[in-house]
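Protein chains in written order, with this note's numbering: chain A, 760 to 874; chain B, 1395 to 1861.
Remarks on the structure that follows.
And the structure:
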């Protein structure tokens, strides 16, 4: 099995936004994580554009957030449950109707794990 | 007056008096589409055949029994859906080539509710791909043009929906608003646009952008129609766990009551440097008028406003990167190679800020600042009932003006983003035109205060129309 390569930059646990300039190596690594293929031009363009946006985010360093609870759900709903009942659902034929490759009632994909 | 110019309420009156048929109404809208869509590019898909068939069916229903008009609040009303809403059997692209061949096998909850209320889906409107954008220019199917000046943008991301309503191609249209995608195009096109409270309307079946922010709303020609549609779409949905169990009000009931006892706040951080002076003057003129009518006006402060954009551009791309990860081209849609530049940019940004070592500095920090922004609004709404602000810092800008500068483009949402982070409702109300271009005001209220917002919006609308 191929070993997943470590990114060129060192991972460190930063709690502050700093040095937001992205290198081309970093941009390539992020693209890999996001399963995106970028052209050389895109790598260059994203390098400067993403750096600019990340730099803008440094403004948040000014805000004191010690002891502030993070907001994940804004209206305050918690633990939404429902009865575990069987509802009508899509038929297999409907569920695979948009697939680019299929076999019978199955999605067809490339091999993920080899023997 | 042509039929396509009518509001939903006027159509309902006309139908009751048998002044015209639904087939005549939808034909009038279809004619507008044929005449204007080649220039404006508001629609990706037009459902002409099905619409005419559905119109005939609705006419038949009325012939059988007039009472069906009373029972179905949107009977025969041609409504367009932003191409982010799944429509059974109708192509749903999200404005992206990745989904150019995707035909859903089910309806989004909003679409189902509209249909059950009698509405006819006339087509699917153009939008920035995946709702990423503030100008409509990020659509993989070409930009939509502003009907008041075709060299300018109509706003985005719900670009086509705003244009379709403004030009009478339909009577109302659905939209999605994550950071201003309904309110901003509504202001740029001179129509009413509502972003309801987060969770007021189900998100089920709508292509997700940023799930902690996405709100399903709509565009209409006036405030009454806006309230009418929310009454249909609002409510708890078992299929969206974040939809609110709080009962929806009968939004039409107190619409015409004067809003005289309301206290209105003017947040000083929204009247900023860089705000077009003419827009500021127009908004303040309305506020002064409300003062004359007996409403109390108070200047208020939302101190964390200046951190909202940075907060938003951490949280939103992070959630985008997670939501767009599902598009693998295996179960439906095409491969990830088809993603456009802006979607890639946001996925990259989100993947970076969520990656090991950076999560705390970016995402967690942003979620904490989000709490402070939310609390700002909570504090202010202890002093006042509603807020009035401009919707956008500028009038509709030129096509191409901001496409190469993402940060400049992001800044055009600076007045609509903070309310999105707080999950509160916002309505964009037309205030006439400046230099022949539409301008709007944003009315904001606490979570689930849509009833009050409609009341104030209706009062202002009356004042403007009477002049």
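Where is the CB? At the ideal position from N, CA and C, for every residue including glycine.
Bear in mind the structure is a predicted one, so any value in this text is a computation, not a measurement.
Taking a C-beta distance under 8 Å as the contact criterion, residue 1835(B) and residue 1680(B) qualify as a contact pair.
Among the residues of chain A, those whose CB is under 8 Å from the CB of residue 1733(B) are 795, following chain order. In the DSSP assignment, residue 1472(B) falls within the unbroken beta strand (DSSP E) covering 1472–1476. Residues of the region 1827–1855 of chain B whose Cβ lies closer than 9 Å to any Cβ of chain A, in chain order: 1841 and 1842. Between residue 1786(B) and residue 1581(B), the C-beta spacing is below 8 Å.
When DSSP assignments are scanned along the region 1718–1752 of chain B, the uninterrupted stretches of alpha helix (DSSP H) that are 4 or more residues long and fall wholly within it turn out to be 1735–1748. Close to residue 1738(B), with beta-carbon spacing below 9 Å, are these residues of chain A in chain order: 790, 793, 795, 797, 801 and 805. Between the alpha carbons of residue 827(A) and residue 816(A) lies a gap of roughly 19 Å.
Annotation: residue 1530(B) to residue 1599(B) spans about 22 Å, alpha carbon to alpha carbon. Around the beta carbon of residue 1528(B), a 10 Å sphere encloses 16 or more other beta carbons of the protein chains shown; the residue is thus reported as buried.
Of all residues in the region 1762–1781 of chain B, only 1762, 1763, 1764, 1765, 1766 and 1768 place a beta-carbon less than 7 Å from a beta-carbon of chain A. Restricting attention to beta strand (DSSP E) runs no shorter than 3 residues, the region 1586–1648 of chain B encloses them at 1586–1589 and 1609–1614, ordered along the chain. Per DSSP, residue 1846(B) is one residue of the alpha helix (DSSP H) stretching across 1844–1860. Within chain B, the residues placing a beta-carbon under 7 Å from that of residue 827(A) are 1762, 1765 and 1766, ordered along the chain.
Against chain B, the beta carbon of residue 775(A) has neighbours under 7 Å at 1755, listed in chain order. The alpha-carbon of residue 1732(B) is positioned some 37 Å away from that of residue 838(A). For residue 1567(B), the enclosing beta strand (DSSP E) begins and ends at 1566–1571.
Out of 1558(B), 1566(B) and 1734(B), the CA that lies nearest to the CA of residue 1434(B) is found in 1558(B). At least one C-beta of chain B is nearer than 8 Å to the C-beta of residue 858(A). Per the C-alpha coordinates, the member of 1840(B), 1491(B) and 1515(B) positioned closest to residue 1484(B) is 1515(B). Counting along the chain, residue 1671(B) sits inside the alpha helix (DSSP H) bounded by residues 1671–1686.
Considering only beta carbons, the part of the region 812–826 of chain A lying closer than 7 Å to chain B consists of 812, 815, 816, 818, 819, 822 and 824, in chain order. With fewer than 16 other beta carbons inside 10 angstroms of its own, residue 864(A) counts as exposed. Contact annotation for residue 1502(B) against chain A: no contact, minimum CB-CB distance about 15 Å [criterion: below 9 Å]. Contact between residue 1805(B) and residue 1833(B) fails: their C-beta atoms lie close to 18 Å from each other, not under 8 Å. In this structure residue 1504(B) touches residue 1627(B) by the C-beta definition: roughly 5 Å separates them, less than 8 Å.
Under DSSP, no beta-bridge partner is assigned to residue 1662(B). One finds nothing in chain A with a Cβ atom closer than 7 Å to the Cβ of residue 1574(B); even the nearest lies about 16 Å away. With contacts defined as CB atoms closer than 8 Å, residue 1436(B) and residue 1487(B) fail to qualify as a contacting pair. By the criterion of a C-beta distance shorter than 6 Å, residue 1728(B) is surrounded in its chain by 1492, once the five residues flanking it on both sides are discounted. Bounds of the beta strand (DSSP E) holding residue 1822(B) are 1820–1828. Residues of the region 1695–1715 of chain B whose Cβ lies closer than 8 Å to any Cβ of chain A, in chain order: 1698, 1700, 1701, 1703, 1704, 1705, 1707, 1708 and 1715. At a cut-off of 8 Å between C-beta atoms, residue 1745(B) counts as an interface residue with respect to chain A. Separation of residue 1819(B) and residue 871(A) (C-alpha to C-alpha, rounded to the nearest whole angstrom) is 45 Å. About 4 Å separates the CB atoms of residue 1551(B) and residue 1525(B); that is less than 8 Å, so the two are in contact. Contacts with chain B at 8 Å (Cβ-Cβ) do not include residue 865(A).
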